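Asker:
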Amino acid sequence: FLDSFKSLGILEPLPADDLGPHKVNMFRDVHLSRIALDCLVLCLFLPYDVNQTVDILSAVTGWKTSTTEVLRVAERTMTMARLFNIREGLSAADDKLPNRFFQPKRNGVLSTKFYDPEQLEKAKSYYYTLMGWDAKTGIPTPEKLQELGIE
């Protein structure tokens, strides 16, 4: 399954409890690649990589497109979804995990580790920044909206 992420430059898994910038970048890239599959109504359970997704799109439609364009569609989709959620009253305060994620587990990979709420807040702010959203509020910036052609 990790082979499908190689086209995104993800060659090695990171520790499960890592919330640093590299992990957040990986999350963003993988998330956008999965959103692209969703936009194209392709099965999320098959390990397509981004290049295969572009090949499938070209084969079905005849369009000459690129990985960059497909990921841009996914980014635009995420930003539109964000705007919809904001309009409906959701905010950065709603982008949180249940308390159980911050407590030690009984067994498994994270049995001796747990997420630090402050680290998660930093990771969330960094993710917002990567997406072109305000680091505190998660609201897409006017510059990002213009870049994506969203009025």
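Counted the way this note's numbering counts, the sequence shown spans residues 3 to 153. Glycine included, each C-beta is placed from N, C-alpha and C at the ideal position. Fair warning: this is a prediction, and the values are worked out from it, not measured in the lab.
Around the Cβ of residue 140, are there at least 16 other Cβ atoms within 10 angstroms (buried) or fewer (exposed)?
Answerer: Burial call: buried.
Asker: Could you tell me the alpha carbon to alpha carbon distance between residue 47 and residue 28, rounded to whole angstroms?
Answerer: 19 Å
Asker: Starting from the C-beta of residue 26, find all residues in its chain whose C-beta is less than 8 Å away, skip the five residues before and the five after it, and write them out in chain order.
Answerer: 125, 128, 129 and 132
Asker: By how many angstroms is the C-alpha of residue 65 removed from the C-alpha of residue 52?
Answerer: 16 Å
Asker: Report all residues from its chain with a CB closer than 8 Å to the CB of residue 151; omit the five preceding and five following residues, and keep chain order.
Answerer: 78
Asker: Can you name the residues that DSSP bridges to residue 65?
Answerer: Residue 65 is not bridged to any residue.
Asker: Shortest alpha-carbon distance to residue 123 belongs to which of 87, 58 and 96?
Answerer: 96
Asker: Residues in the same chain with beta-carbon distance under 6 Å from residue 115, minus the five sequence neighbours each way, listed in chain order, please.
Answerer: Non-local beta-carbon contacts of residue 115 in its own chain, meaning distances under 6 Å to residues more than five positions away in sequence, involve 19 in chain order.
Asker: What does the Cβ neighbour count give for residue 16, buried or exposed, with the cut at 16 atoms within 10 Å?
Answerer: Label assigned to residue 16: exposed.
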